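Chemist:
Residue numbers (the UniProt record's numbering): 1 to 365.
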């Protein structure tokens with residue numbers, strides 16, 4: 001579930017059709033999103049902060065750099081109305097919920113808006129003014145989990161899953177990994193996780209808005225993704241659900257890996273050997289082929305595969321296949337081309353493939 005998510009029905013195209021090509025890597029004045037190359041060869045990203053669809057308490061958040069405005073909606077989504085009533089009337093869920101909501105506000109400020117929503121809950125935006133320096137504003141993303149009434153998941157399993165997510169994410173400290181601060185119960189079986197707020201939205205929304213990313217911009221995001229993935233692997237953690245929706249962006253284009261709900265610890269701090277995995281996790285287009293086999297696999301390779309599919313999605317605006325099995329025609333074509341040493345058009349069109357020297361020895365001899 002991404003912060004500042006677009007319509008959840010909006011998806012990246014499958015490989016049968018292509019979005020119109022983006023024409024420039026410089027800053028786009030109409031969208032506010034883009035990349036500016038400096039004279040020294042370095043570059044800056046500009047991700048326009050989102051315009052929220054509705055206000056909860058009739059307030060605007062004024063920061064030193066921007067004013068976050070909200071458009072009034074004559075017919076707000078049903079989910080927004082439901083959660084607005086829930087936020088405004090926390091006492092309806094009991095005295096404990098009211099006390100916890102007060103504690104939440106004291107620590108992380110007033111809740112101002114719904115920044116995103118998904119099937120398992122919502123992302124709320126809170127704003128806290130620092131008493132020691134009123135000019136400094138702190139924005140937090142509060143991810144409120146809710147166990148659906150139709151799910152077969154027990155309350156014990158639900159709490160264990162959320163607790164495992166927090167245990168992993170709160171232990172990680174890296175510029176390309178989302179910072180997680182707290183886990184609180186706020187009434188009934190509702191738990192909330194407090195994270196840093198990324199005003200640039202998620203990578204999926206950016207790719208959909210631009211149709212596809214230019215090579216320099218995609219390469220920059222991919223480099224950051226690999227830095228973050230390398231760090232979590234060094235910490236003994238595999239994400240297991242890397243995809244554009246789980247990659248958040250700051251207003252300056254810093255990419256951060258988020259949502260460790262499917263995360264897996266494959267090595268403890270005192271261990272040298274890794275624990276192999278057999279479970280299949282993640283979103284189907286990004287699931288690696290070895291997960292469909294009844295064999296053990298290294299969970300780190302799963303993240304590398306998903307990162308590669310994410311790069312193809314950034315560069316082309318589409319997902320190369322729906323499932324990485326031979327039942328999928330596009331993956332079957334890819335697999336056949338690779339088996340005979342031939343490049344796959346979708347990949348060769350966006351990058352120069354450096355084949356290993358052993359391939360040339362095989363081809364010659």
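Glycine included, C-beta positions come from ideal geometry on N, C-alpha and C. For clarity, every value in this text was computed on a predicted model and none was experimentally measured.
Could you spell out where the alpha helix (DSSP H) holding residue 140 opens and where it closes?
Modeler: Here the question's residue 140 lines up with position 140 in the chain shown. Unbroken run through residue 140 is the beta strand (DSSP E), 137-145; no alpha helix (DSSP H).
Chemist: What is the DSSP secondary structure of residue 116, reduced to helix, strand or coil?
Modeler: The residue you call residue 116 lines up with position 116 of the chain shown. Looking at residue 116 - three-state DSSP - the assignment turns out to be strand.
Chemist: Check whether the stretch 257-271 and the stretch 329-342 touch, using three or more Cβ-Cβ pairs below 8 Å as the test.
Modeler: The stretch 257-271 is not in contact with the stretch 329-342.
Chemist: Just checking my contact of residue 305 with residue 277 at CB under 8 Å: how many whole Å lie between their CB atoms?
Modeler: Here residue 305 refers to the residue found at position 305 of the chain shown. Here residue 277 refers to the residue found at position 277 of the chain shown. Not quite, the Cβ-Cβ distance comes to about 13 Å (not below 8 Å), so this is no contact.
Chemist: Residue 145 to residue 338, Cα distance in whole Å?
Modeler: As a working note, residue 145 is residue 145 in the chain shown. As a working note, residue 338 is residue 338 in the chain shown. Their Cα atoms are separated by approximately 42 Å.
Chemist: Would a C-beta distance cut-off of 8 Å place residue 324 and residue 229 closer than the cut-off?
Modeler: Counting from one through the chain shown, the residue named residue 324 turns up at place 324. Counting from one through the chain shown, the residue named residue 229 turns up at place 229. Taking 8 Å as the Cβ cut-off, residue 324 and residue 229 do not qualify as a contacting pair.
Chemist: Buried or exposed: which applies to residue 204, given that a residue is buried once 16 or more other Cβ atoms fall within 10 Å of its Cβ?
Modeler: As a working mapping, residue 204 is identified with position 204 in the chain shown. Result: buried.
Chemist: Taking only three categories from DSSP, how would you classify residue 235?
Modeler: Counting from 1 along the chain shown, the entry for residue 235 is found at position 235. Reduced to three states, the DSSP call for residue 235 is coil.
Chemist: What does a CB cutoff of less than 6 Å around residue 141 pick up in its chain, not counting 5 residues either side in sequence?
Modeler: Position 141 of the chain shown, counting from 1, holds the residue named residue 141. Hits under 6 Å: 3, 123, 195 and 197.
Chemist: How long is the line joining the alpha carbons of residue 183 and residue 329, rounded to whole angstroms?
Modeler: To locate residue 183, count along the chain shown from 1; it is residue 183. To locate residue 329, count along the chain shown from 1; it is residue 329. When rounded, the distance between both Cα atoms is 44 Å.
Chemist: For a test of the three-state rule: what should DSSP assign to residue 347, helix, strand or coil?
Modeler: Translated into positions along the chain shown, residue 347 becomes position 347. Here residue 347 sits in helix by DSSP.
Chemist: Rounded to whole angstroms, what is the Cα-Cα separation between residue 290 and residue 297?
Modeler: Walking along the chain shown from the start, residue 290 turns up at place 290. Walking along the chain shown from the start, residue 297 turns up at place 297. Whole-angstrom Cα-Cα distance: 7 Å.
Chemist: Against chain C, does residue 347 count as a neighbour if the rule is that its beta carbon must be under 8 Å from one of theirs?
Modeler: Of the protein chains in this structure there is only one, and it is not chain C.
Chemist: In the structure shown, what three-state DSSP assignment does residue 314 receive?
Modeler: Against the chain shown, residue 314 aligns to sequence position 314. Residue 314 falls in the helix class under three-state DSSP.
Chemist: Could you name the residues of the same chain whose beta carbon sits closer than 6 Å to that of residue 292, not counting the 5 residues immediately before and after it, in chain order?
Modeler: Along the chain shown, read from residue 1 onward, the residue named residue 292 stands at position 292. Result list for residue 292: 325, in chain order.
Chemist: What do you get for residue 45, buried or exposed, if any count of 16 or more other CB atoms within 10 angstroms of its CB means buried?
Modeler: The sequence position of residue 45 within the chain shown is 45, counting from 1. Flag for residue 45 reads buried.
Chemist: Only counting the same chain, and skipping five residues up and downstream in sequence, which positions put a Cβ closer than 6 Å to that of residue 261?
Modeler: Residue 261 sits at position 261 when you count from the first residue of the chain shown. Here the set comprises 165.
Chemist: What are the boundary residues of the beta strand (DSSP E) that residue 181 is part of?
Modeler: Taking the chain shown and counting its residues from 1, the one referred to as residue 181 is at position 181. Run containing residue 181: 180-185, per the beta strand (DSSP E) assignment.
Chemist: I need the boundaries of the alpha helix (DSSP H) containing residue 161, first residue and last residue.
Modeler: The residue labelled residue 161 in the question sits at position 161 within the chain shown. 155-169 is the span of the alpha helix (DSSP H), which, as asked, contains residue 161.
Chemist: Pull up the distance between the alpha-carbon of residue 366 and that of residue 137, whole angstroms please.
Modeler: Residue 366 lies beyond the residue range present for the chain, which begins at 1 and ends at 365; the question has no answer from this structure.
Chemist: By Cβ distance, which residues of its chain are closer than 6 Å to residue 158, with the 5 residues on each side in sequence left out?
Modeler: Residue mapping note: residue 158 aligns to position 158 of the chain shown, counting from 1. Counting only Cβ-Cβ distances below 6 Å, and skipping sequence neighbours, we find 147.
Chemist: To the nearest angstrom, report how far apart residue 319 and residue 309 are at their CA atoms.
Modeler: If you number the chain shown from 1, residue 319 lands on position 319. If you number the chain shown from 1, residue 309 lands on position 309. Those two C-alpha atoms are separated by around 7 Å.
Chemist: The beta strand (DSSP E) spanning residue 46 covers which residue range?
Modeler: Locating residue 46 in the chain shown gives position 46, counting from the first residue. 43-46 is the extent of the beta strand (DSSP E) around residue 46.
Chemist: When DSSP builds the beta bridges, which residues end up paired with residue 111?
Modeler: Position 111 of the chain shown, counted from the first residue, corresponds to residue 111. For residue 111, which the question treats as bridged, DSSP gives the partners 126.
Chemist: What whole-angstrom Cβ distance do residue 267 and residue 236 have, given they're in contact under 8 Å?
Modeler: Residue numbering aside, residue 267 sits at position 267 when the chain shown is read from its first letter. Residue numbering aside, residue 236 sits at position 236 when the chain shown is read from its first letter. Residue 267 to residue 236, Cβ: 4 Å. Contact.
Chemist: I'd like to check one pair, residue 222 with residue 311: are the Cβ atoms closer than 8 Å?
Modeler: Numbered from its first residue, the chain shown carries residue 311 at position 311. Numbered from its first residue, the chain shown carries residue 222 at position 222. Going by C-beta atoms, residue 311 is nearer than 8 Å to residue 222.
Chemist: Specify the secondary structure class of residue 101 as computed by DSSP and reduced to three states.
Modeler: In the chain shown, the residue the question calls residue 101 occupies position 101. DSSP places residue 101 in helix when its eight states are reduced to three.
Chemist: Closer than 6 Å by C-beta to residue 274: which residues in its own chain qualify, once you throw out the five before and the five after it? Chain order, please.
Modeler: Residue numbering aside, residue 274 sits at position 274 when the chain shown is read from its first letter. These residues qualify, in order along the chain: 266 and 267.
Chemist: Going by DSSP, what residue range makes up the beta strand (DSSP E) through residue 247?
Modeler: For the purposes of this step, residue 247 is taken as residue 247 along the chain shown, with counting starting at 1. Start and end: 247-249.
Chemist: Can you tell me the Cβ-Cβ gap for residue 300 and residue 233, rounded? I've got them flagged as a contact below 8 Å.
Modeler: Translated into positions along the chain shown, residue 300 becomes position 300. Translated into positions along the chain shown, residue 233 becomes position 233. Sure, about 5 Å apart at Cβ, within 8 Å.
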